[in-house]
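Q: When the letters of the sequence shown are read in order and numbered with the working numbering, they come out as residues 26 to 452. Heads up, the beta-carbon is just placed ideally off N, CA and C, and yes, glycines get one too. Can you keep this structure in mind? I'll have questions shortly.
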Amino acid sequence: MTTAVHSAGLGRFGEFGGRYVPEALVAALEELDEFRTKAMVDPAFIGELTQLHRTYTGRPSILTAVPRFAEHCGGAQVVLKREDLNHTGSHKINNVLGQALLTRRMGKTRVIAETGAGQHGVATATAAALLGLECVVYMGKVDTERQALNVARMRLLGATVVPVEHGSQTLKDAVNEAFRDWVANVDHTHYVLGTVTGPYPFPEMVRDFHRIIGVEARAQMLDEYGRLPDAICACVGGGSNAMGIFHRFIDDAGVRLVGLEGGGEGVHSGRHASRFSGQAEPGVLHGAYTYVLQDEDGQTVESHSVSAGLDYPSVGPEHAFLRDSGRAEYYPVTDDEAMEAFRLLCRTEGIIPAIESAHALAGAMKIGRELGPSGMVLVNLSGRGDKDVHTAASWFGLLDDEATTPPGDAPRPADDEAATGGGESQT
26 MTTAVHSAGL
36 GRFGEFGGRY
46 VPEALVAALE
56 ELDEFRTKAM
66 VDPAFIGELT
76 QLHRTYTGRP
86 SILTAVPRFA
96 EHCGGAQVVL
106 KREDLNHTGS
116 HKINNVLGQA
126 LLTRRMGKTR
136 VIAETGAGQH
146 GVATATAAAL
156 LGLECVVYMG
166 KVDTERQALN
176 VARMRLLGAT
186 VVPVEHGSQT
196 LKDAVNEAFR
206 DWVANVDHTH
216 YVLGTVTGPY
226 PFPEMVRDFH
236 RIIGVEARAQ
246 MLDEYGRLPD
256 AICACVGGGS
266 NAMGIFHRFI
276 DDAGVRLVGL
286 EGGGEGVHSG
296 RHASRFSGQA
306 EPGVLHGAYT
316 YVLQDEDGQT
326 VESHSVSAGL
336 DYPSVGPEHA
346 FLRDSGRAEY
356 YPVTDDEAME
366 AFRLLCRTEG
376 IIPAIESAHA
386 LAGAMKIGRE
396 LGPSGMVLVN
406 LSGRGDKDVH
416 TAASWFGLLD
426 DEATTPPGDA
436 PRPADDEAAT
446 GGGESQT
C-alpha cells in the first residue's frame, strides 16, 4: 500500500463509515465538520492544543523497553509507547482536549460523553473542568460497578455520572443514551464521542486527534533505535488508541499492524467481543456502517470481555476497511490470556497496565514468538491499571475477603514462577 487510507465520499473508508443519524442531528454534525475542518488548519487552534499537550497532558509520551517481559515473547525486543503516563492515565485525553476546544469554539456550554472503562469519562470530566463546561457522562450500570474508582474520579471533577440500567448495562447502552441526550439538547450540547466510530465526522476527527501517538512513536523509534518496528500491537474496542498509533505507519509496508480484540471466554463460547472472528457481519450501529456482532435477524447481540473498554459489539469503520483490505490483522485475546499478560508485565517490569492494554501485551507475546530474536514489537500501552486493581486482585484471588474466589483463579506458586522467571508463559 502506497497511500494513506482516505474516505471515498462522505466519511467513507471503502464501503464502511458514512452517516446514519436522525434528522435532528444532521445540522449539528455539519456544524461540527465545518468547525473542525477550519480548526485543523488554524495556527491558533493547533497552537493552543499543542501547548495543552506539552504543559497539561505531558506529551510527548515516552518509549520504554521491557526486556524481562520480552523474555516471554520468543526473544523479540518489545518496546512500549507509554500513553498510560498521560494526565488522566490514558490516551483518551488526546481526543478529548481537541473536542473540548471545539465545543468552546462552537459556543456550546455543555458536553456529554459515554464511557465503558471510565477512562474516556475521566478525560472528558477533566477537560470540562479545565474549560468551564457542564459535563454529563453516561455509563452502563455494570461498568459503574466494575470501574467504581473512575466513577468517583469523574464526580470529584464535577461531572454528573448517569448509570444506564437497560440492555446489557455496558458501553453499547451508554452510547445509546448519550445519543438520546444529544438529540434533545443539541442546541447547547456537544457529544464528545470517545472512539473512532459513530457518524461522520467522528471517525476521522477522533483519529486525527489521536494521530499524535503514531507521529511521536515513529520519530522516536527512528531516533532511539534507528529502525521501525516489525509489528505494532494495540487493543481494539472501538479502536481509538489503535487507530492513533496505526495511522502514521500505514504507508510503511514492512510494519505489521496488529489489533487485539476482546476474545472473552473464547470466540466459540458466544461470550466475547471479537468482531473480526467471523461471527460479525457488516451493519449499522451508532451512526456508522461497519462490522457488528448481530444475530440472523440483524439484531445486535451482547458482547463480553473482562475489560469494560473492549466490551463493545461494533468497531470503528476505518478498522473494518484496514481489515478487509489486508493492511491490518486482528486477533481475539481471551480473558485468561489478557490477565496472564497483565500479571506478567506487573511482575517483570513493575508496570501495572490497564486490562485493555493487557490484550495488546498478550498479542505481543504471540507475535514476538512468530518473529523470533531478531524481531521488534511496539506495543501501545493505552492506559494504566489503577482503575483495574480491584478487578485484577479479585481475578487472582489477592483480596483478603475473596475467600469465595474459584480455585482456578487463585494464585499458584507455579504461575508466579512462570511470571517472574525465564521460559515461556503458557499464554
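At which residues does the alpha helix (DSSP H) containing residue 146 begin and terminate?
A: Counting along the chain, the alpha helix (DSSP H) containing residue 146 begins and ends at 144-156.
Q: For residue 106, which of helix, strand or coil comes out of DSSP?
A: Three-state result, residue 106: strand.
Q: Is the distance from the Cβ of residue 293 to the Cβ of residue 268 below 8 Å?
A: No, the pair does not count as a contact, with Cβ atoms beyond the cut-off.
Q: So is residue 124 buried or exposed if we call it buried at 16+ other beta carbons inside 10 Å?
A: Buried, because 16 or more other Cβ atoms sit within 10 Å of the Cβ of residue 124.
Q: Check each candidate in 312, 287, 401 and 371 and name the one with the smallest Cα separation from residue 35.
A: Closest by alpha carbon: 312.
Q: Could you give the distance in angstroms between the alpha-carbon of residue 175 and the alpha-carbon of residue 409?
A: Approximately 12 Å, taken between the alpha carbons.
Q: Give the list of continuous alpha helix (DSSP H) stretches no shorter than 4 residues that lie fully inside the region 194-249.
A: Runs found: 196-210 and 227-235.
Q: In or out: residue 126 buried (at least 16 other Cβ within 10 Å) or exposed?
A: That one is buried.
Q: Go through its chain and collect everything with a Cβ distance to residue 65's Cβ below 8 Å, but skip five positions before and after it.
A: Cβ neighbours of residue 65 beyond the five flanking positions: 71 and 233.
Q: Count the other CB atoms within 10 Å of the CB of residue 412; is the residue buried (16 or more) or exposed (fewer)?
A: With 16 or more Cβ atoms within 10 Å of its Cβ, residue 412 is classed as buried.
Q: Just mark residue 348 as buried or exposed, buried being the case when its beta carbon has 16 or more other beta carbons within 10 Å.
A: By the 10 Å Cβ count, residue 348 comes out buried.
Q: Whole alpha helix (DSSP H) runs in the region 320-383 with 4 or more residues, listed along the chain?
A: You should have 342-350 and 360-374.
Q: Could you compute how far the alpha carbon of residue 216 sits from the alpha carbon of residue 136?
A: Their backbone Cα atoms lie some 6 Å apart in a straight line.
Q: Helix, strand or coil, according to DSSP, for residue 188 in the structure here?
A: Strand, per DSSP.
Q: How big is the Cα-Cα spacing for residue 377 and residue 227?
A: Taking the straight line joining both Cα atoms gives about 31 Å.
Q: Run through DSSP, which three-state label would residue 269 get?
A: Note: residue 269 maps to helix in three-state DSSP.
Q: In whole angstroms, what is the alpha-carbon distance linking residue 379 and residue 367?
A: So the two alpha carbons sit approximately 8 Å from each other.
Q: Rounded to whole angstroms, what's the CA-CA distance from residue 59 to residue 128? Just pull it up for me.
A: Going from the Cα of residue 59 to the Cα of residue 128 covers about 12 Å.
Q: Please state the DSSP three-state secondary structure of residue 115.
A: Looking at residue 115 - three-state DSSP - the assignment turns out to be strand.
Q: Kindly indicate the opening and closing residues of the alpha helix (DSSP H) around residue 164.
A: Run containing residue 164: none in the alpha helix (DSSP H); it sits in the beta strand (DSSP E), 159-165.
Q: Which same chain residues, not among the five before or five after residue 54, have their C-beta less than 8 Å away from its C-beta?
A: Within the same chain, residue 54 has close Cβ partners 44, 46, 224, 225 and 226.
Q: Cα separation between residue 147 and residue 237?
A: Approximately 20 Å between the Cα atoms of the pair.
Q: If you reduce the DSSP assignment to three classes, tell me which class residue 44 lands in.
A: Residue 44 falls in the coil class under three-state DSSP.
Q: Could you tell me the boundaries of the beta strand (DSSP E) in which residue 401 lies?
A: Run containing residue 401: 401-406, per the beta strand (DSSP E) assignment.
Q: Report the option in 296, 309 and 287 whose CA atom is closest to the CA atom of residue 334.
A: Answer by Cα proximity: 287.
Q: Give me, in chain order, the residues of the same chain whose beta-carbon lies closer than 6 Å to that of residue 192; leave out the 5 immediate sequence neighbours on both sides.
A: The answer, listed in chain order, is 198.
Q: On the CB-based measure, 16 or more other CB atoms within 10 Å of its CB, does residue 145 come out buried or exposed?
A: Buried.
Q: Could you check if residue 297 is buried or exposed, using at least 16 other CB atoms within 10 Å of its CB as the buried criterion?
A: Buried, since its Cβ has 16 or more Cβ neighbours within 10 Å.
Q: Consult DSSP for residue 171 and reduce its assignment to one of helix, strand or coil.
A: It is helical.
Q: Residue 342: buried (16+ other C-beta within 10 angstroms of its C-beta) or exposed?
A: Buried: at least 16 other Cβ atoms inside 10 Å.
Q: Could you tell me how far apart the beta carbons of residue 299 and residue 338 are, in whole angstroms, since I believe they sit closer than 8 Å?
A: That pair is no contact at about 10 Å.
Q: Distance check for residue 77 and residue 260, CA to CA, integer angstroms please.
A: Cα to Cα, residue 260 sits roughly 26 Å from residue 77.
Q: What did DSSP end up calling residue 309 once you bin it into helix, strand or coil?
A: If DSSP states are grouped into helix, strand and coil, residue 309 belongs with the strands.
Q: Across which residues does DSSP place residue 137 in a beta bridge pair?
A: Paired residues: 161 and 216.
Q: Could you check if residue 70 belongs to the surroundings of the ligand ATP, using beta carbon to heavy atom distance under 7 Å?
A: By its list of ligands, the structure shown contains no ligand whatsoever, and the ligand ATP lies outside what it can speak to.
Q: May I ask you to verify whether the region 251-265 touches the region 382-402, counting CB pairs closer than 8 Å and requiring at least 3?
A: Verdict: yes, contact present.
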